[in-house]
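Residue numbers (our numbering): 3 to 416.
Even glycine gets a Cβ: it sits at the ideal position worked out from N, Cα and C.
Take a look at the structure set out below.
What follows is the structure, given as structure tokens:
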């Protein structure tokens, strides 16, 4: 029902539109800018109030090929939440806050979105409804918390809490990316350098060795054969690799079974799996604590949390918890039944329920597991350094030794 309302709201057109204008002030200095309004006459009237004589006022043209600029990232949404919270706490009116934020945006799409939100709010709708026009950037969690803040009259406090939450989640995501991408990036570079050596460098050495007419060592011949194969079939090898990557991405995007399989596989990896487990738990308990503190009913809060863990396995487990809680189970009992949460999480949740301080206990759990993720990522980076050195030494150092081994052998016979 909430999703249907959000989609319906998103389809409504704002009565405001963007205008570009040019004019001169009282000193005759030329000025220009952009503003949102219902029509051009209102823009001219507002400019005259500010002491500007408008010479040109026209509707801002739309980009030829749709919206320009890069997509709106979750980090930009996080910064948006923090800045709105800061300005509201400083006493800046909401509509003026949106105007200030829109004027400082470098991403045209972000600028357009903020202008639309500001124009919609200026037209008399609530901030929740304005945010509902952009469901991709503002999920159910964001909108529900804003709705709770508007209803209780503490919107600035809720936005501040929400901004802090998103900042923590972004920091956690950054740690996970570091843990996953760093080793993969180094290995990919090592493979690329090895391919260049096999295709361009080793054939030159082979031509030099052929002039000597001597028999090459078996270790050298192994790399020579590999080089010949790469020279002859490099297009097929790289084509196959690119095709496999695109095929995997297409399957991952379209097939829920593939996503679930990869999620299970990643969670079972020795070190990285543990980091992903802790990250999913940290995001779950922090999101649940935030929504529960804002007054969202527990069942609805669990429904929101199911999509905030970043893991399909944990998302399905939270949905089962939601179903159990909705029929009368306590939260800790429902968490225990799914068998995926550590004993400490279940027990601290039980203590929080009994003491009537569930949100406080969940926040403590979130801080603990976020710190665990930070420590695990730092430890993983330290462990990977010698492992990566071994890979680089084996791939590249082996080729260097293989190429110079015949030279050493010839020098020994002279």
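{"Asked": "Alpha-carbon spacing of residue 400 relative to residue 275, whole angstroms", "Found": "32 Å"}
{"Asked": "Assumed close pair residue 281, residue 194 - CB separation to whole angstroms, cut-off 8 Å", "Found": "Not confirmed; about 30 Å, so no contact."}
{"Asked": "Residue of 245, 35, 380, 53 minimising C-alpha distance to residue 28", "Found": "53"}
{"Asked": "Proximity test, residue 47 beta-carbon vs the ligand MN heavy atom, cut-off 7 Å", "Found": "Among the components modelled here there is no ligand, and therefore nothing to report on the ligand MN."}
{"Asked": "Test item: CB-CB of residue 288 and residue 311 under 8 Å", "Found": "no"}
{"Asked": "CA nearest to the CA of residue 141, picked from 358, 293, 198", "Found": "293"}
{"Asked": "Residue 77 burial status per 10 Å Cβ neighbour count (16 or more: buried)", "Found": "exposed"}
{"Asked": "Candidates 323, 290, 339, 264: closest to residue 313 by CA position", "Found": "264"}
{"Asked": "Nearest-angstrom Cα separation, counted from residue 384 out to residue 178", "Found": "15 Å"}
{"Asked": "Alpha-carbon to alpha-carbon, residue 302 and residue 149", "Found": "14 Å"}
{"Asked": "Buried/exposed call for residue 106, threshold 16 Cβ in 10 Å", "Found": "exposed"}
{"Asked": "Start-to-end residues for the alpha helix (DSSP H) that takes in residue 376", "Found": "360-394"}
{"Asked": "Test item: CB-CB of residue 111 and residue 73 under 8 Å", "Found": "yes"}
{"Asked": "Under the three-state DSSP convention, the category residue 272 falls into", "Found": "coil"}
{"Asked": "Cα-Cα separation, residue 80 to residue 154", "Found": "23 Å"}
{"Asked": "Residues near residue 390 in its chain [Cβ-Cβ closer than 7 Å; skip 5 each side]", "Found": "185, 188"}
{"Asked": "Close-in-space but distant-in-sequence residues of the same chain around residue 353 (CB under 7 Å, 5 per side omitted)", "Found": "363"}
{"Asked": "Residues bridged to residue 23 (per DSSP)", "Found": "35, 59"}
{"Asked": "Whole-angstrom distance between residue 131 and residue 125, CA atom to CA atom", "Found": "11 Å"}
{"Asked": "Range covered by the alpha helix (DSSP H) that runs through residue 495", "Found": "Any answer about residue 495 is impossible in this case: the structure gives the chain only from 3 up to 416."}
{"Asked": "Residue burial classification, residue 343 (beta-carbon count within 10 angstroms, cutoff 16)", "Found": "buried"}
{"Asked": "Span of the alpha helix (DSSP H) around residue 54", "Found": "Careful: residue 54 lies outside any alpha helix (DSSP H) and carries neither H nor E."}
{"Asked": "Residue burial classification, residue 271 (beta-carbon count within 10 angstroms, cutoff 16)", "Found": "exposed"}
{"Asked": "Nonlocal neighbours in the same chain, by C-beta distance under 7 Å from residue 35, ignoring five residues either side", "Found": "23"}
{"Asked": "Status (buried if at least 16 other CB within 10 Å, exposed otherwise) for residue 221", "Found": "exposed"}
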